[in-house]
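Inspection log for the structure reproduced underneath, given as C-alpha cells.
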Amino acid sequence: MSGPATALSASTVTRPNWVVLALTFLAVVLDSYDTIALGLSIPALSEGWGASASHFTPALSLTSLGVAVGHIAVGRSAARFGSKRVILAAGVVFTVGSSLTAGAPSIWKLTVLRFATGLGLGAVMPAAVAHATVLNPPRLRQSIAVFVTMGISLGALLAGILGSRLVGAYGWQSVFIAGALASAVLFPLLWLGLPDPTPPTTSVCPATEQ
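Here full-length UniProt numbering is used: the first residue of the sequence shown is 1, the next is one more, and so on.
Structure, rendered in C-alpha cells:
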C-alpha cells in the first residue's frame with residue numbers, strides 16, 4: 001500500500017523536498033476542513049431533521065474523541081508500518097467516513113460515522129509532519145513541522161469560506177461530499193508522490209504532535 005515512489009535515505013537528504021512538503025501540507029488542509037465540517041452543517045441539519053442543535057453534541061464530542069484516539073495511536077502505528085502507510089490508511093478512513101456521513105439517515109448513525117472518521121482525521125496531521133520532517137534536511141525540520149501544521153489554519157479558513165456557501169446552495173451533505181471528493185483526488189497523489197524513508201519513520205516525535 002506504500003506505493004511505487006522511490007525510497008529515500010533520511011540521512012542523505014540535503015535539499016528541501018518540495019513534493020513531499022506540498023502533499024503533506026495538502027493532506028493536513030483537507031484533514032482540518034473535514035474536522036470542522038460537522039460544526040458548519042449543524043444549523044442545516046437541525047432544520048432539516050427537526051432537531052435542536054444540542055442533539056448533535058454527541059456527534060461533535062465523538063468526532064473530537066476519535067481525533068484524540070487517532071492522534072494517540074499514530075506513534076505506534078508509524079513505528080510499525082511507516083508514516084506513509086499511516087497517512088494513506090488515515091486518508092482512506094476519513095474519505096470513506098465523509099462519504100458515508102453525507103448519507104447518514106439519523107443522528108446516532110451520524111455520531112458513529114463521525115467517531116470513525118475522527119480516527120483517520122486524528123492520525124493524518126502527526127503522521128504528515130513526521131513524514132515531511134524525516135524526508136527533509138535536519139536543519140530545516142523545525143520550520144517544516146511548523147509549515148505543515150499551518151495546513152490546519154488554511155483548512156479551517158477554506159471550511160469557513162466554502163462551507164456556508166455549499167450548505168446554502170446544495171444542502172449540508174455537500175460539505176462532506178466536497179471534502180470526500182478532494183481527499184479522493186489527493187489519495188493517488190500521496191500514494192505515488194510520497195517516497196518511503198529508508199529506514200522508515202520509527203516514531204512520531206512529541207514535538208511534531210503539538
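Even glycine gets a Cβ: it sits at the ideal position worked out from N, Cα and C. Source: prediction; values computed, not measured.
Here's a check: name, in chain order, each residue in its chain whose Cβ is nearer than 7 Å to the Cβ of VAL67, leaving out the five neighbours to either side.
THR35, GLY118, LEU121, GLY122
In this structure, how does DSSP classify PRO197 when only helix, strand and coil are distinguished?
strand
Identify whether PRO16 lies in helix, strand or coil by the three-state DSSP scheme.
coil
Give the range of the alpha helix (DSSP H) segment to which PRO58 is assigned.
57 to 81
Since VAL28 and GLY163 should fall inside the 8 Å C-beta cutoff, what is the C-beta to C-beta distance between them, to a whole number of angstroms?
The pair is not a contact, with the Cβ atoms about 18 Å apart (cut-off 8 Å).
Given SER43 as reference, the closest of TRP191, TRP172, ALA178, GLY103 once Cα atoms are compared
Looking at the sequence provided, one finds Pro at residue 43 rather than Ser. The residue with the shortest Cα to Cα distance from PRO43 is TRP172.
Just to confirm, is the Cβ distance from GLY160 to ALA37 under 7 Å?
no
Report buried or exposed for PRO148, applying the criterion of at least 16 other Cβ atoms within 10 angstroms of its Cβ.
Per the sequence shown, residue 148 should be read as Val rather than Pro. That one is buried.
Whole angstroms are fine: how far does the CA of GLY50 sit from the CA of PHE187?
36 Å
Alpha helix (DSSP H) containing ALA116: first to last residue?
107 to 134
Pair within 7 Å by beta-carbon distance, LEU110 and ALA104
yes
Tell me where the alpha helix (DSSP H) around ALA159 begins and ends.
151 to 170
What does the alpha-carbon distance come out to for the pair LEU88 and VAL129?
14 Å
For LEU189 versus LYS84, is the C-beta distance shorter than 7 Å?
no
Taking the alpha-carbon positions, what's the VAL112 to SER183 distance?
20 Å
Classify GLY82: buried if its beta carbon has 16 or more other beta carbons within 10 angstroms, exposed otherwise.
buried
Can you name, in chain order, every residue of its own chain whose Cβ lies under 7 Å from the Cβ of SER153, other than the five neighbours on each side?
none
Could you check which residue in GLY39, ARG80, GLU47 has the C-alpha nearest to that of LEU62?
GLY39
What did DSSP end up calling GLY179 once you bin it into helix, strand or coil?
helix
Measuring straight from C-alpha to C-alpha, what distance separates ARG15 and GLY70?
31 Å
Alpha-carbon spacing of LEU26 relative to VAL86, whole angstroms:
15 Å
Once you ignore the five residues that flank SER41 on each side, which residues in its own chain have a CB closer than 7 Å to its CB?
VAL167, TRP172, VAL175
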